[in-house]
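FYI, this note's numbering numbers position 177 of the sequence shown as 218, with every residue one higher than the one before it. C-beta: ideal position from N, C-alpha, C; glycine also.
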Amino acid sequence: YLVGVGRADCTGPVAQVPLMGYANPDQVGGGLLSRLYSRAFIVADLKNSRRVVFVSADIGMVSQRVRLEVLKQLRSKYGQLYRQDNVILSGTHTHSGPGGYFQYTLFWITSKGLVRPALSSIVNGIVKSIGIAHENMKRGRLFINRGTVENSQINRSPFSYLANPQSERKRYSSNTDKEMVVLKMVDEDGSELGLISWFAVHPVSMNNSNHLVNSDNVGYASYLFEQEKNRGMLPGEGSFVAAFASSNLGDVSPNTRGPFCANTGESCDNPQSTCPVGGAAMCMAKGPGKNMFESTRIIGQNIYWKAKELYEKASQEVTGPLSSAHQWVNMSNVSVKLNATHTVKTCKPALGHSFAAGTIDGVGAFNFTQGAVEGDPFWDQIRDQLLGEPSNETKACHKPKPILFSTGEMTWPHPWHPDIVDVQIVAIGSLAILAVPGEFTTMSGRRLREAVKSEFDSHGTPEMNVVIAGLCNVYTHYITTYEEYQVQRYEAASTIYGPHTLSAYIQLYRGLAKAIALNATQELPRGPEPPLFNVTSLTLLPSLGAENAPANKTFGDVLEEVRQEYREREVAEVTFVGANPRNSAENATEHNFLTVERYSHISGSWHPVLNDASWDTRFYWSKGSRGQSNVTIEWHIPAGTEPGVYRFRYFGHYKKRPFPFLKTITVPFEGSSSAFQITAP
């Protein structure tokens, strides 16, 4: 094949924008732990007649808005080379990235609308990463390997899983998919280019009390792999690209110690995930570490170690033709043939009461509990008054789900949920990547993979490696099995197209697999094109006004200085007169807020050894009054840090108004700490 890889920044604004994932309005950005990247991989055949693109981005999920804007830019840059059928966009599902990049109204509520700078940095980052991969195409080879990852996941809805038939459950040794699939890429000389790993786990080691933008456990795995392969480079630099992509993670948590009551410490591993005192709001899962930062590293490291082992031992070569199959489908109206006599239908989108309960990884609000199969008259009354009552047809279609929000019947100011959804399979020789538009649970994913594999088998392409890539192309929440749906925990309440959603997807993906196997992808109906709403920006974010430094100070001045010396495992920190980091995101596509520099006595100059993409540094912004704000930079000095002389530097932008009533202008500035010594242990 011809192979190209690329990586580009897609972080966006790290302050004031709500983080996407937990739907907690209090969880807004207040700084940066690690940068977010889009990682792109292009494979073309040697005749260069066919090509496919896989992108994994460090974002909560790919929204329809992101996808449509990316495809539009690719069309204007490359014509018909990169299209909806041969480009997969997948989100890692970190819950610590900026939100606001959606066009459907439901997602505006917790993201404070459509935040153009967040949307633009994701779209531009994805397009840029594809551009870098496009420019770097060279002859190469692909190898696949698979293995088991231990001690990194639990099923967070085991009571739903148990509703699946026992005959089905006993075919599997675990209630999560522990298998990791790794695709290794090298050029024809054997030089390493990159890898994609697919593994099912929620990147929610960082919980909903976190305010620092970061890529969570899978992002830490990418960081470790890239740091190892791009020796001597700063994080985010170097040519080797390692993507840790999402899979069927719907009911899979990295918080391996399981759910406990935050107030009493007792287990709350019960069907409703509630505590005797405080109810569901107190029931939270714990990761393996003593805090969320340590848990993120432990899980990320486990995933990295397994990927490294599989990568090094990968010997099964991937060969064969490239193909891609894609359709747009109106998921609110799919007829599914269950058997010769039985046909059922999907429903208009709706969310159930237990959607509001959240999960043990991030609890919901008020007094909602998981596993609610009856509505609550109090909340139903409020809903009817504010948003209107669900129609009888929708209520009947979604049974036994008690509907909280009938999003498919809510259209002001735009539809609240998508109807038109992408289904897509890309085949690279013996590897079939199923791009799914949401979060399939463990058993849903198993059923889908098995159905697609048997479809390939029966049409003369046996031995296919079928992997699920999660959170692709458009976000449609969760997909549970019909049996799990009956239990109505969070994942089932969030299966928006009703009880037969999975059956509909299985039917659709079978159709795509058959078309690929019979080389008939051209004959697939395109389906109805998704809408692109004409909203460009609509946000409740505070506006960016002119800023001030305290009396007798200027931007970038030190307010609290570093100590003169530190040892490893201590935290060096400095506080500067700061400015809103959003100024930087709106001003520059890639902005580095900080460096840690080391003094070289040989050259007599300072050299950066860390930047803000490093997982050892933390950048905090805090807003004060009268247009003032502070920035604190921490360096958690790891064991094995070279002794020597170091300093911090801070880079920002502030807004000033040159004359009253005129527009503000953005001014770059920088600051530097005093030098400090790191002494040998």
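Going by DSSP in three states, Tyr519 sits in which element: helix, strand or coil? Walking along the sequence shown from the start, residue 519 turns up at place 478. Strand at Tyr519.
Please report the residue range of the alpha helix (DSSP H) in which Pro206 lies. In the sequence shown, the residue the question calls residue 206 occupies position 165. Taken as a continuous stretch (DSSP letters only), Pro206 belongs to no alpha helix (DSSP H), as it is neither H nor E.
Cβ atoms of Ala321 and Ala406: under 7 Å apart, would you say? Locating residue 406 in the sequence shown gives position 365, counting from the first residue. Locating residue 321 in the sequence shown gives position 280, counting from the first residue. Not in contact: Ala406 and Ala321 (Cβ atoms no closer than 7 Å).
Could you give the distance in angstroms between the alpha-carbon of Asn216 and the alpha-carbon of Gly291? Within the sequence shown, the letter at position 175 stands for residue 216. Within the sequence shown, the letter at position 250 stands for residue 291. Their Cα atoms are separated by approximately 12 Å.
Taking the alpha-carbon positions, what's the Gly429 to Leu147 distance? As a working mapping, residue 429 is identified with position 388 in the sequence shown. As a working mapping, residue 147 is identified with position 106 in the sequence shown. If I take the Cα positions, the gap works out to 15 Å.
Does the Cβ-Cβ distance between Gly511 and Ser287 come in under 7 Å? Against the sequence shown, residue 511 aligns to sequence position 470. Against the sequence shown, residue 287 aligns to sequence position 246. Closer than 7 Å, so yes.
Look up Trp662 in the DSSP assignment and give the residues it is bridged to. Start at 1 with the first residue of the sequence shown, and residue 662 comes out as number 621. Answer is Val672, bridged to Trp662.
Kindly indicate which residue of Leu475, Tyr142, His632 and Pro571 has the alpha-carbon position closest to the one of Asn371. Residue numbering aside, residue 371 sits at position 330 when the sequence shown is read from its first letter. Comparing Cα-Cα distances from Asn371 to each of Leu475, Tyr142, His632 and Pro571, the minimum goes to Pro571.
Classify Thr522: buried if its beta carbon has 16 or more other beta carbons within 10 angstroms, exposed otherwise. Counted from its first residue, the sequence shown places residue 522 at position 481. Buried, by the Cβ-count rule.
Kindly give me the distance between the Cβ atoms of Val96 and Ala81, rounded to whole angstroms, as I take these residues to be in contact under 8 Å. Position 55 of the sequence shown, counted from the start, is the residue given in the question as residue 96. Position 40 of the sequence shown, counted from the start, is the residue given in the question as residue 81. With 8 Å as the limit, Val96 and Ala81 qualify as a contact, their Cβ atoms being about 5 Å apart.
Please report the straight-line C-alpha distance between His455 and Phe574, rounded to a whole angstrom. As a first step, residue 455 must be located in the sequence shown, where it is residue number 414. As a first step, residue 574 must be located in the sequence shown, where it is residue number 533. Whole-angstrom Cα-Cα distance: 8 Å.
Using the beta-carbon count (16 or more within 10 Å), is Arg91 buried or exposed? Here residue 91 is taken as the residue at index 50 of the sequence shown, counted from 1. That one is exposed.
With distances taken Cα to Cα, identify the nearest neighbour of His707 among Phe596, Gly71 and His642. As a working note, residue 707 is residue 666 in the sequence shown. First, the amino acid is wrong: residue 707 is Thr here, not His. Here the closest residue by C-alpha is Phe596.
Can we say the region 387-404 touches the region 245-259, given the rule of at least three CB pairs closer than 8 Å? yes
Tell me whether Lys378 is buried or exposed, calling it buried when 16 or more other Cβ atoms sit within 10 Å of its Cβ. Within the sequence shown, the letter at position 337 stands for residue 378. Lys378 should be labelled exposed.
In angstroms with no decimal places, state the Cα-to-Cα distance between Lys440 and Ser447. Looking up residue 440 in the sequence shown gives position 399. Looking up residue 447 in the sequence shown gives position 406. C-alpha separation (whole angstroms): 13 Å.
For the beta strand (DSSP E) holding Ile171, just list the boundary residues, first then last. The count along the sequence shown starts at 1 and reaches residue 171 at position 130. Taken as a continuous stretch (DSSP letters only), Ile171 belongs to no beta strand (DSSP E), being part of the alpha helix (DSSP H) at Arg157 to Glu176.
Along the chain, where does the alpha helix (DSSP H) that runs through Cys324 open and close? If you number the sequence shown from 1, residue 324 lands on position 283. Looking at the DSSP string, Cys324 is not in any alpha helix (DSSP H); the run it does join, the beta strand (DSSP E), is Cys324 to Lys327.
Under the DSSP definition of a beta bridge, which residues are partnered with Thr384? Position 343 of the sequence shown, counted from the first residue, corresponds to residue 384. Thr384 is bridged to Lys378.
Cutoff 7 Å; reference Glu415; Cβ partners in own chain excluding five residues on either side: Stepping through the sequence shown from its first residue, residue 415 is reached at position 374. Cβ within range, chain order: Pro443.
DSSP has His648 in a bridge; who is on the other side? Taking the first residue of the sequence shown as position 1, residue 648 is located at position 607. Looking at the DSSP assignment, His648 forms a beta bridge with Arg639.
Within 10 angstroms of the Cβ of Pro362, are there 16 or more other Cβ atoms? Answer buried if so, exposed if not. For the purposes of this step, residue 362 is taken as residue 321 along the sequence shown, with counting starting at 1. Label assigned to Pro362: exposed.
Considering only residues of the same chain and omitting the five flanking positions on each side of Tyr607, which have a CB-CB separation below 8 Å? The sequence position of residue 607 within the sequence shown is 566, counting from 1. If we look at Tyr607 and ignore the five residues flanking it on each side, its Cβ neighbours are Ala613, Ile678, Phe717, Gln718, Ile719 and Thr720.
If you run the structure through DSSP and keep just helix, strand and coil, what is Val370? The sequence position of residue 370 within the sequence shown is 329, counting from 1. Here Val370 sits in strand by DSSP.
Would you mind giving the Cβ-Cβ distance between Leu600 and Thr616, rounded to the nearest angstrom? I have them listed as a contact below 8 Å. Taking the first residue of the sequence shown as position 1, residue 600 is located at position 559. Taking the first residue of the sequence shown as position 1, residue 616 is located at position 575. Contact holds; Cβ gap of about 5 Å.
Output the boundary residues of the alpha helix (DSSP H) element that contains Tyr261. Position 220 of the sequence shown, counting from 1, holds the residue named residue 261. That run of the alpha helix (DSSP H) goes Asp257 to Lys270.
Who does Gly693 pair with in a DSSP beta bridge? Looking up residue 693 in the sequence shown gives position 652. Gly693 is bridged to Phe710.
Is DSSP giving His439 helix, strand or coil here? As a position in the sequence shown, residue 439 is number 398, starting the count at 1. His439 falls in the helix class under three-state DSSP.
Start-to-end residues for the alpha helix (DSSP H) that takes in Gly70: The residue you call residue 70 lines up with position 29 of the sequence shown. Segment Val69 to Leu73 is the beta strand (DSSP E) holding Gly70; no alpha helix (DSSP H) there.
Through-space distance from Asn65 to Phe285, alpha-carbon basis: Position 244 of the sequence shown, counting from 1, holds the residue named residue 285. Position 24 of the sequence shown, counting from 1, holds the residue named residue 65. Near 26 Å, if we compare the C-alpha coordinates of Asn65 and Phe285.
Residue closest to Met221, alpha-carbon to alpha-carbon, out of Val190, Gly568 and Gly231: For this step, residue 221 is matched to residue 180 along the sequence shown. Closest by alpha carbon: Val190.
Decide if Gln605 is buried, meaning its Cβ has at least 16 other Cβ atoms within 10 Å, or exposed. Sequence index remark: in the sequence shown, residue 605 carries index 564 (1-based). Exposed is the call here.
Considering Ala554, what are the terminal residues of the alpha helix (DSSP H) in which it resides? As a first step, residue 554 is located in the sequence shown; it is residue number 513 there, counting from the start. It spans Thr542 to Ala558 - the alpha helix (DSSP H) in which Ala554 sits, taken as one unbroken run.
Counting only runs that start and end within the region 442-513, where is the beta strand (DSSP E) found for 3 or more residues in a row? 444-446, 461-469, 472-476 and 506-510
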